[in-house]
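Going letter by letter, the sequence shown gives residues 350 to 1326 in this note's numbering.
Here a beta-carbon is modelled for each residue, glycine too, at the ideal position from N, C-alpha and C.
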Amino acid sequence: GGLVDVYPPGAPRPVRIEFFGPEVDSIREFDPDTQRTTGALDEVRVGPATEWFPTREEMNRLADRLDEVTGRDARDELQFLRTGTLVTPQFTGPMAVGGTILDHLRRDWLLVLDEREALEAACVDLDDLATERRAEMAKRGEIDARAPFPHENAGAFRVAIDAHPARVELGRWVTGAEPGSTRLPFRQADAYAGRLQDAATDSYRQQQRGDRLVIVTQQAQRYAEILQEQGLDILVSEHLPDRPARGTVALIQGALPEGWTIQGPDGIIALQTDRELFGFVKRRRTLRQRAASHRSRFLAEVSPGDFVVHADHGIARFGGIIKRDVDGEPRDYLELRYAGEDKLFVPVEQVDRVTRYSGPAGFVPRLTRLGTQEWTRARARVRHAIEIVAQDLVRLYAARQLLEGHHYSEDTPWQQEMEAAFPYEETPDQTEAIRAVKADMQSDRPMDRVICGDVGFGKTEVAVRAAFKAVQEGYQVAVLVPTTVLAQQHLKTFRERLAGFPVSIDVISRFRTDQEAREVIARARSGDLDILIGTHRLLEAHAEFANLGLVVIDEEQRFGVTHKERLKRMRLEVDVLTLSATPIPRTLHMALTGIRDMSIIETAPEGRRPVQTFVMEWDDQIAREAILHEMERGGQVYIVHNRVQSIDTFAEQLRALVPEARIIVGHGQMPQGVLRQVMEKFSDGDFDVLVCTTIIESGIDIPNANSMIVDRADMLGLAQMYQLRGRVGRSSNQAYAYLFHPKNRVLTEEAQARLSTIFEASELGAGFQVALRDLEIRGAGNLLGAEQSGHIASVGFDLYTEMLSEAVEELRAKAEHRAPATLPHEERDALRQVTIDLPVAAHVPESYVPEIEARLALYQRVASLRSLEDAESFAQETADRLGPLPEPLQNLLALVRIRLAARASDVTSIRLDGADVVISSSERRVFTDRALPALPRGVRVGRTQIRLERSALGDAWLAPVEAILRLLTAERSPVPA
């Protein structure tokens, strides 16, 4: 028996195969996030993940050829090949495998060649590249200089093509005069770039003159309404079954790359797509969310020696999981080591009381002394500080409720048209953020909303739509950004998105001269300018607007104190929309719900893959190959060298190392205008490599740049490295980041920790939030004030946000004259302290889950169960993933259900006393016979105790205990007055 999980290449979902002995019992698809089964399969085909799996015959042939070519024993190469670690299969494979894909084409198959000249030119380029690569590898001793080519050369390709009898060659420049060629009169379809009314008018004219028009768009329903306004009553279809008749317009819901028009013998046939209507093909996004910050994941990542926080006993070091016998039954415990060699053993089912300690980066907490008031006093200090913060937040919220703002109207047709031209399909959380912003603008009070989302997750699009809404009602928009480079990026984005509309957009930054800046400000003052994008120069220049209605602030935390004060005053006068790439933790987001308007965008764009990250000592050859690899696929490379005084020398060394690359240098100390030209040239693809300082940390959006090399990565902070890495991987291409540190130099512990964290953290994976704890704490400081960082440090981040959430809820409940939705921390702690001390084997057996990390994760999941439904769902999921639950795990879940029922019925302890199981209540609860109408034999009810005679209950004595607690939950009696 057993389970095997397989994720076949190209399959939509992984597959779980369950065995009964040597036989396959079942095959099920499952969701990789939830691990739950999604469907049953009769069979699964597991395709190869590589092009070549050598057979024994091919291995023998390869051994003979290697001996023949190299003149030496080839056993090492063969061993590498067997284990899949041969570094040069492309050069060794052709020795064993003859022929190409063309050898597998049947003679009667039709071979279509699109632009044969371009295909042959690409073959010649591949030949040159293979020759160069083979020479480099031979020079390093990785292969023999006589190794064969990895593919057929261009000449052989040409011969094979010409020998195939059934072929069609498509070419752009065929005149029709060549023998055997025919000219098809295709021409490009007319482009409208979002002018849908013009497109609809032309469609009506085409119908009237008898043309056949087929429109394929992902906005079919919306476009049908526009066509109806022109008198074309057309139904949307899913497909086109027949050739359309003359004078008809067919509207299809779908997507094609581009349209065309052809003049046939019986009239014109035209195809229109989203590229012609909107200027793009709308790309779908996958609904893949950034992993939420679950406590279970934090504990699964804790290693012995790490700092942890016990909610009742304070900060300790984690000592690991140990086994201890209780009345002869083995139980698992967390070992926590406190100051003075004190230890605390926490039952694993109470692991929800323990969280991974998170404090400001570089801060080392002090261990708590057990048996003192130290932890109680620390929590009291933090609670006092939190109450002040909560009062300020609630007061600010109440004051803003009294202010009156502009009440915007519903979306106009222009707004709908502009939004339909967005080249992506909006993700659910992006749609929700847009809805929330519009609701704010259409309300009677000024907007002050934070849009929080990862780099490249679509925050700017939310700002563009809000800005356009404001401009349409005659208001001006100011967009404030922290860097010159980001200002240029926003200028480009806003102009591209609003190109089809009469909106004037300009920028003030270090790239503009004083004279140009004065002219731009004059236009803003006169009302000629609709949207002004600027750095802090916009604030310093005292730019006056004729009718300012909306301020968009990107990365507010990077502005200075003076600028922040100015921004604070702005909030009382106009709508403010703040964009932030610094993660806001979900716990803090929940704490501030209703106090600070906040929208979180967590869904990654379509096809976005985690950046493959390499951490290593500087190596010229690896740097050269990384650059050439990116250039080979038509991409560009960032190289970060964060020292201006030596950046030009470093660039010269790179030019000598990679003479094939076009290299340009950019840094923040360049003269006015020069940096702008550098960025524009790199963005336009005039250069392959940009050698720069960390000025690219925010704002650069060049989807074609998908490799990054960082020199002296050990000198950068985690936040900087994370932001830098976010500059690549902004398209569907696999991105690479190479973090180099100096050769033969010992790194500090902190540098090693930062590099290992960024290496392990995948921005789309489950460990993402763990890697960004210091960024989250920074995000908390941005929202709550820097002075709160010290209080976060003293109790840890998770406990801090939990206490803040309670304080805010208490104040809001008081103001709204209602009971708090959550109990105060002390009261809830008292309820949580249900002591269960029963002699039962309750643990996750090592035979069931051998890995300690996986066991910890399971224990944390068990501890976080909050309802009987959760417990049942967890049991089903675990059985689905790992097989039938062993008895100790069933017992552990029974104890969880008992604890849940005990909390709900004010029971404080369930323990063994001699031969009896004793259920004891708190002072707030008395027991009565009325609560237990049908008592089993051997049960005695007292005022605050219920005793169950264990011998009378039989072997399965946990079930009656659970049943009695459920009855107590259903019938609660308050303490008599």
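Asked                                                                                                                                                                      : Found
Please report the Cβ distance between Arg1248 and Val1183, rounded to the nearest whole angstrom; I am assuming they are in contact, meaning their Cβ atoms lie under 8 Å. : 5 Å
Could you tell me which whole alpha helix (DSSP H) segments of length 4 or greater appear in the stretch 811–859?                                                          : 833–846
Tell me which residues share the same chain as Ile882 and place their Cβ nearer than 6 Å to its Cβ, disregarding the 5 neighbours each side in the sequence.               : Val828, Ala836, His839, Leu840 and Val856
Within its chain, find whatever has a CB closer than 7 Å to the CB of Gly559; leave out the 5 residues flanking it on each side and keep chain order.                      : Arg595, Gly596 and Gly616
Out of Asp674, Arg859 and Ala1190, which has the shortest C-alpha to C-alpha gap to Ala1305?                                                                               : Ala1190
Out of Gly1232, Leu1238 and Leu1205, which one is the CA nearest neighbour of Ala1220?                                                                                     : Leu1238
Do you know how far the Cα of Val364 is from the Cα of Val651?                                                                                                             : 29 Å
Around the Cβ of Ser324, are there at least 16 other Cβ atoms within 10 angstroms (buried) or fewer (exposed)?                                                             : Not covered by the structure: residue 324. The range shown for the chain is 350 to 1326.
If Ala1010 and Val1038 are in contact, beta carbons under 8 Å, what's the gap, nearest whole angstrom?                                                                     : 5 Å
Using DSSP's beta-bridge definition, name the partner residues of Pro696.                                                                                                  : Tyr682
DSSP on Glu392, reduced to helix/strand/coil?                                                                                                                              : coil
Can you tell me whether Tyr356 is buried or exposed? The criterion is at least 16 other CB atoms within 10 Å of its CB, across all chains shown.                           : exposed
Is His912 helix, strand or coil when you go by DSSP?                                                                                                                       : helix
For Asn1240, which of Leu545, Arg680, Glu481 and Arg455 has the nearest alpha-carbon?                                                                                      : Arg680
Would DSSP call Val1144 helix, strand or coil?                                                                                                                             : helix
If you draw a straight line from the C-alpha of Arg571 to the C-alpha of Glu810, how long is it?                                                                           : 20 Å
DSSP three-state label for Ile662, please.                                                                                                                                 : Per the sequence shown, the amino acid found at residue 662 is His instead of Ile. Coil, per DSSP.
I need the boundaries of the beta strand (DSSP E) containing Arg1289, first residue and last residue.                                                                      : Val1288 to Val1290
Under 8 Å Cβ to Cβ from Asp946, same chain only, skipping five residues before and after it: list those, please.                                                           : Ala785, Asp789, Met796, Asp797, Arg798 and Val799
Could you check where the alpha helix (DSSP H) with Thr550 kicks off and where it finishes?                                                                                : Leu545 to Gln557
Taking DSSP's pairing of strands, which residues face Ser948 in a bridge?                                                                                                  : Ile800
Please confirm whether Val804 and Gly1075 have their CB atoms less than 7 Å apart.                                                                                         : yes
Less than 7 Å between the beta carbons of Ala819 and Gly898, yes or no?                                                                                                    : yes
With 16 as the cutoff for other CB atoms within 10 Å, does Leu478 come out buried or exposed?                                                                              : exposed
Which of the three DSSP states is assigned to Arg637 in this structure?                                                                                                    : Residue confidence is low: Arg637 scores 45 on pLDDT, short of 50, so the model does not pin down where it sits. Its coordinate-derived value is still stated next. Strand.
According to the neighbour-count rule (16 or more other Cβ atoms, all chains shown, within 10 Å of its Cβ), is Ala1308 buried or exposed?                                  : exposed
Compare the C-alpha of Ala494 against each of Arg482, Gly1263 and Gly504 and name the closest.                                                                             : Arg482
Does the stretch 719–731 come close enough to the stretch 662–674 that 3 or more CB-CB pairs lie under 8 Å?                                                                : yes
Which stretch, first to last residue, makes up the beta strand (DSSP E) that contains Tyr1085?                                                                             : Tyr1085 to His1090
On the DSSP bridge assignment, give the partners of Glu367 in chain order.                                                                                                 : Leu352 and Ser375
Which residue from Arg1025, Thr911 and Leu752 puts its Cα closest to that of Glu922?                                                                                       : Leu752
Consult DSSP for Asp877 and reduce its assignment to one of helix, strand or coil.                                                                                         : coil
Using only CA atoms, which one of Leu620, Val473, Leu475 and Leu693 lies nearest to Ala604?                                                                                : Leu620
Please determine, among Val830, Ile1045, Leu1217 and Ser1105, the residue with the shortest C-alpha to C-alpha distance to Leu1088.                                        : Ser1105
Below 7 Å between beta carbons: does that hold for Arg1230 and Gln577?                                                                                                     : no
If you follow the alpha helix (DSSP H) that Asp477 is in, where does it begin and where does it stop?                                                                      : Arg465 to Lys488
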